[in-house]
Every structure is written in C-alpha cells, then in structure tokens.
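This report refers to the structure that appears directly beneath it.
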Amino acid sequence: MNSIDAAITAVDDLAALDLNMLTALRALLQERGVTRAGARLGLGQPATSAALRRLRQHFDDPLLVRTGTVYELSPLAAVLLGAVEEALAAAESVFLGAHGFRPAASHRTFTVMASDGSLALLGAALLPRFAALPLLRLEFVPLVLDDVDATLRAVDAVVMPRGIFAGHPAADLWSDEFVLVVGERSALRAGDVTPERLSAMEWVSSFHGPSVLTTLESWGIRPRVQVVVPSYLAIPLLLAGSERHVALLQRRVAEQMRAVGGVRILPAPEGAREIRMALWWHASRERDPAHLWFREMVIDSLMQPF
Numbered sequence: 001m002n003s004i005d006a007a008i009t010a011v012d013d014l015a016a017l018d019l020n021m022l023t024a025l026r027a028l029l030q031e032r033g034v035t036r037a038g039a040r041l042g043l044g045q046p047a048t049s050a051a052l053r054r055l056r057q058h059f060d061d062p063l064l065v066r067t068g069t070v071y072e073l074s075p076l077a078a079v080l081l082g083a084v085e086e087a088l089a090a091a092e093s094v095f096l097g098a099h100g101f102r103p104a105a106s107h108r109t110f111t112v113m114a115s116d117g118s119l120a121l122l123g124a125a126l127l128p129r130f131a132a133l134p135l136l137r138l139e140f141v142p143l144v145l146d147d148v149d150a151t152l153r154a155v156d157a158v159v160m161p162r163g164i165f166a167g168h169p170a171a172d173l174w175s176d177e178f179v180l181v182v183g184e185r186s187a188l189r190a191g192d193v194t195p196e197r198l199s200a201m202e203w204v205s206s207f208h209g210p211s212v213l214t215t216l217e218s219w220g221i222r223p224r225v226q227v228v229v230p231s232y233l234a235i236p237l238l239l240a241g242s243e244r245h246v247a248l249l250q251r252r253v254a255e256q257m258r259a260v261g262g263v264r265i266l267p268a269p270e271g272a273r274e275i276r277m278a279l280w281w282h283a284s285r286e287r288d289p290a291h292l293w294f295r296e297m298v299i300d301s302l303m304q305p306f
C-alpha cells in the first residue's frame, strides 16, 4: 500500500468512527469504569457499555482491564488518554473559535484533586460561582500521587504546595503556615513548644502527610505517630478528647476546626516556613479555553477573603 492509499484508508477508518466517541473514550479512560463514565456523560449503563464495546473493536484492545474489583488502563489506553485529552482540547479550541468558552451553556465537569483540608477552603470559595452556572459540574477527588504526570493528565487540576511538583505549569492560590493543634485539656502551652517536649508527645497524622513529618524532623522533632487517619479534617475531632496528642495542620484548616470547639491552636516552633498552595495542571491543557476560564475563575475566587 502506497502513502496515498494509506492516507485514504486512515480517513475512511476515522469517518467510520463517530467523532463524538472521543468524548466517551476520555470519560471511560479517566473514570476507569462504565458506571462513573456514564454518569459523567449523562448516559445510561447500556449506552456507555455499547460505546466501550465499539471503542474496543476500533482499537482492537480491551482498553479497561479488570484487576480484582477495579479496572486498570491497558498499556495502549494509558497512551491514548493523553492523546485524547489533547485532541479534545484542540477540537474545542477550533469550534469555539473567537467565541471562547461559554460557561453558562457548558455541561463540562471540572475535576480537582485535593486534600480534604484544601477542599474545604477551595470549595467554599468556588460554590457561589458554580451556583450561578448550574450546567457546570465541579468534582473533587482524593489525592493520589503515585505518578505525577498521569495524575495531572487524569484531572483538570491538583491543589498542592509549591515544592512538591516540578516541571509543570502552576498558579499560586494562597499562603499559609503550620500551627500545632491540641485538645483543650492538653497541658501543652505556647511556652512549652520545644523539640524535646513535642518529641515526647503522641502525634496524630494523616497518611497524606509525609511532607509534614519531614517538616517536623527539620525542626529537630522526632514525632512518634500513634494515630494515622485518612482525613485532615478528622484530626481536630480526635484531638478534642485527648490530653497527650498533638498534630501539625495548616492554620486555615485549624481555624475552621477550632470554630467547632474542643481544640486549641499553638504556634509552631521557630523557623516554620511559609506554605504556598498552588493550582497545578498538565501542559496539554494550557491552551484549552475552558480550562483557561476555570483557572482564572479559581484564582479570582480566592482573591476574596475567606
């Protein structure tokens, strides 16, 4: 087959596949499941399953492979995910043209990966904006950072401190600082905050927090972590009934939980550094008009005091 015949065959193959299937392919690969992809697309399970069958036939590949109780991407699907995201972003740019992204008419879902502490702060700032745009959907998902590049491709944005990622686009969101949080009955007072005293206490930590442990060690504290929880917001609730436990949290999160009652906030040891929280995204989304609108909206929302 010469190059012209190959090109004609490629065009025929493309014409045989409804280009709307790109949207289904993106949802299936990002959600890694028929049910969640269908909910995102507004389709029932039979229609979404039919789309998956058609895509499997087109690519001659399973795309989603069951591993135990979950589905994983096939090697080909892992490659396709980035390509389909870039293709759809380019298509949206072409068809939107000079009109740009129109949020009031869009059914797009924006997915943000963040800790529950960041979620509480960011969500409170974004909800009023999304309330005025009822067709849009905002989805927060838990932090999973095994593969940074794959993570940034799978979601619209990740909220993490500066210094965690490198080589990816980002925008500053807010600045914060670490504080100590103890129960109201704790004997620890501001004047007692020394590395020796803190090393002798029992610590509560989130499994998201290896950077927190590194920070403590940089202050000369050897924390003995006795309790590990999956949620930053759960930490103050546990501390409220304890006299011996302590935790390190960002001040904004701690202040929110102090309003619930049962805990006190103490200053961190001297030398605590500023934390700069940032919004991170994959470079393939840089010129996506919808994503550009979303980034600007997030930054503008957080310029308001909260």
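If you count the sequence shown from 1, position 120 lands on 120 in full-length UniProt numbering, and the numbers rise without skipping.
Using N, Cα and C, we set each Cβ at its ideal position, and we do this for glycine too.
Put simply, of L41, G123, V181 the residue whose alpha carbon is nearest the alpha carbon of M297 is G123.
Between the stretch 198 to 207 and the stretch 272 to 286 there are fewer than three inter-stretch CB-CB distances shorter than 8 Å, so the stretches are not counted as touching. When only Cα atoms are considered, V148 and G33 end up about 21 Å apart.
For the pair of segments examined, the stretch 279 to 295 was found to touch the stretch 81 to 91: the number of CB pairs separated by less than 8 Å reaches three.
As the crow flies, the alpha-carbon of T109 is around 11 Å from that of F130.
Secondary structure within the stretch 114 to 164: the alpha helix (DSSP H) runs of 4 or more consecutive residues, fully enclosed, are 116 to 131, 148 to 154 (chain order).
Listed in chain order, the non-local C-beta contacts of D300 below 7 Å within the same chain number zero, local neighbours out to five positions each way being set aside. Close CB contacts of A170 within its chain, under the 7 Å cut and outside five residues either way in sequence, are with A278, L279, W280 (chain order). Put simply, the stretch 172 to 183 does not touch the stretch 149 to 158. Fewer than three CB pairs are less than 8 Å apart.
Under DSSP, S206 takes part in a beta bridge, and its partners are V229.
With respect to V182, V263 sits close: the two C-beta atoms are nearer than 8 Å. A straight-line Cα-Cα distance of about 22 Å links P46 and T67. For the pair of segments examined, the stretch 250 to 257 was found not to touch the stretch 131 to 146: the number of CB pairs separated by less than 8 Å stays below three. T67: member of the beta strand (DSSP E) spanning 64 to 67, first to last residue.
Using a 10 angstroms sphere on the CB of R295, the tally of other CB atoms reaches 16 or more, which defines it as buried.
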